[in-house]
Amino acid sequence: MSMENLWENNVRKVIPYTPGEQPKDSDIIKLNTNENPYAPSPKVKAILDNYDISKMRLYPDPDATVLVEAIAERYNVKPSQVFVGVGSDDVLSIAFLTFFNSENPVLFPDITYSFYDVWADVYRIPYVQKPLKEDFRIDPEDYKCENGGIIFPNPNAPTGCEESLAMIEEIVKANPSSVVIIDEAYVDFGAESALKLIDKYKNLLVIQTYSKSRSMAGMRIGYAIGSEKLIKYMNDVKFSINSYTMTPLTLLCGAEAIRDEEYFQETLGKIIDVREYSKARLTELGFTFPDSKSNFIFASHSTKPASEIFTALKERKIFVRYWNKPRINNYLRISIGTREEMEKLFEALEEILK
Ligand code: PMP
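Counting from 11, one number per residue, gives the positions in the sequence shown under my numbering.
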C-alpha cells in the first residue's frame with residue numbers, strides 16, 4: 011500500500027447490508043420490502059395538520075416519553091420496560107451492541123434477516139449461524155450450547171414460518187447466561203408473541219416495529235419490551251451514542267397511531283384475508299411455500315427458476331424480492347399488497363408461466 015493510503019489500514023471496514031430496492035417510478039407494484047399497502051391511521055393525519063412548526067426549534071424529549079407511555083399502555087407493561095428507536099433496525103443495532111458482548115459466539119439461523127451478520131461484523135461480535143432444518147424450521151437443540159446471545163425473528167424472515175411459544179420458552183429456559191432476542195417485526199400478522207414470557211424471563215427481549223403492521227415504515231419507529239434491567243442497559247448505551255434519536259413529530263404520530271386499535275385490527279384483517287387468498291392462487295399457479303404467518307409469502311415454482319420469474323416480473327414493473335444465496339436461490343419473497351395489486355401479480359404470473 012502506498013504511503014498516502016496507509017490510513018486505510020485503520021478504517022473499520024464492513025460489507026454493508028443491502029436494503030430492498032426503492033424504485034423511484036410511481037406506476038409500479040411494490041411487493042419487495044414488506045411494507046403495508048394501507049395508509050396509517052387517519053388520526054396520524056390530524057396530528058400533522060395541527061402541528062406547530064415553531065416547536066422544531068427545540069430538541070425533542072430524549073426519553074421519548076409520549077411514545078414510550080403509549081406503547082406501555084398498549085402492551086400493559088411499565089414505561090420503564092419500553093425502549094424506542096429509529097425503526098427496529100436501530101433498536102436491534104443497540105441491542106446487539108448492549109447485550110452481545112461475550113467471547114462466545116452469538117447464535118442465529120443461516121436463513122434469517124440478513125442484517126444480523128452485518129451488525130455482528132460491524133461491532134466485531136463473534137457469531138455462528140445454525141442451519142435451519144430442511145423445512146426451514148428451527149431445531150431448538152442447536153441453541154443449547156455455550157453462546158454469547160441468541161437472536162431470531164418470529165415469524166422468521168424471509169421464510170414466514172412461525173415457531174411456537176413453547177419452543178421459544180424452551181430456548182430461553184436453556185440459556186440463563188445469555189440475552190435471547192425475539193425479533194417480532196411480523197408477529198401481528200398471526201403469530202403468537204413472546205411478550206407473554208417477559209415477566210418470567212428477565213433475559214428475554216422482544217422487539218417490534220411500526221413498519222409493517224402499523225403502516226409507518228417511513229416514520230422509522232421500532233421498540234423493545236423486556237425487563238426493566240434490560241431496558242436500562244439499552245438506554246445507557248443509547249445515551250452514550252445519540253440522545254435525540256426520534257423527532258417530536260415522530261413521537262406524536264407514533265403515540266396516536268398505537269391508540270387506534272380499531273383501525274389497526276381492520277387493516278390487519280384485510281392483509282390476512284388477502285394473504286390467505288394469495289396462498290390459494292399461488293398454489294394453483296404451481297408454487298409451493300412454507301406456511302406464512304407474516305405479510306409475505308416465500309414461494310418457489312415447480313418448473314420455472316425464481317431468478318427468471320423475478321426478472322420477468324420486474325419487466326412488468328412488479329417488484330418482489332430475490333436472493334441469489336445458497337438454499338434460497340429458487341425462492342421469491344412476495345409481500346402482500348392490496349387485493350387489486352395481487353390480482354395484477356397473478357395475471358402477470360399466469361402469462362410468465364404459460
Ligand atoms: N426485522 C426483520 C425481520 C425485518 O424483516 C425488518 C425489515 N427489514 C426489520 C427488522 C427492520 O424493520 P424496521 O427498521 O423498519 O423496523
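All C-beta atoms in this analysis are idealised placements derived from N, C-alpha and C, irrespective of residue type, glycine included. Please read all numbers here as calculations on a predicted model, not as lab measurements.
Beta-bridge partners assigned by DSSP to D193: P163, I217.
In the three-state scheme derived from DSSP, where H, G and I count as helix and E and B as strand, G97 is classed as helix. Within the same chain, and ignoring the five residues on either side of K248 in sequence, the residues whose Cβ sits closer than 8 Å to its Cβ are F93, G95, I104, T255. Taking 4 residues as the shortest admissible run, the region 22 to 84 contains the following complete alpha helix (DSSP H) segments, listed from N- to C-terminal end: 52 to 59. Non-local beta-carbon contacts of T277 in its own chain, meaning distances under 6 Å to residues more than five positions away in sequence, involve Y48 in chain order. Membership of V182 in the alpha helix (DSSP H) is indicated by the continuous run 175 to 183. Here the distance from the Cβ of S103 to the nearest heavy atom of the ligand PMP is not below 7 Å.
Collapsing the DSSP output to three states places A234 in a strand. Taking a C-beta distance under 8 Å as the contact criterion, E156 and N114 qualify as a contact pair.
A130 sits away from Y153, with the two beta carbons spaced by 8 Å or more. Listed in chain order, the alpha helix (DSSP H) runs fully inside the region 265 to 318 are 271 to 294, counting runs of at least 4 residues. In the structure shown, F320 adopts helical secondary structure according to DSSP, grouped into three states. CA-to-CA, the gap between V190 and D145 works out to about 23 Å. Boundaries of the alpha helix (DSSP H) around F356: 349 to 363. With three or more CB-CB distances shorter than 8 Å, the region 251 to 270 counts as touching the region 69 to 86. Taking 7 Å as the cut-off, one finds at least one heavy atom of the ligand PMP near enough to the beta carbon of D193.
Secondary structure note for Y137: its beta strand (DSSP E) is the uninterrupted segment 137 to 140. The three-state secondary structure of S90, taken from DSSP, is helix. Between P168 and R326, the C-beta spacing is not below 8 Å. If you ignore the 5 residues before and after V101, its C-beta comes within less than 6 Å of the C-beta of G95, I217, G232, A234, all in its own chain and listed in chain order. Under DSSP, I344 forms a beta bridge with I307. By the criterion of at least three beta-carbon pairs nearer than 8 Å, the region 280 to 297 is not in contact with the region 67 to 74. Non-local C-beta neighbours of V138 in its own chain, meaning closer than 7 Å and more than five positions away in sequence, comprise P115, L117, ordered along the chain.
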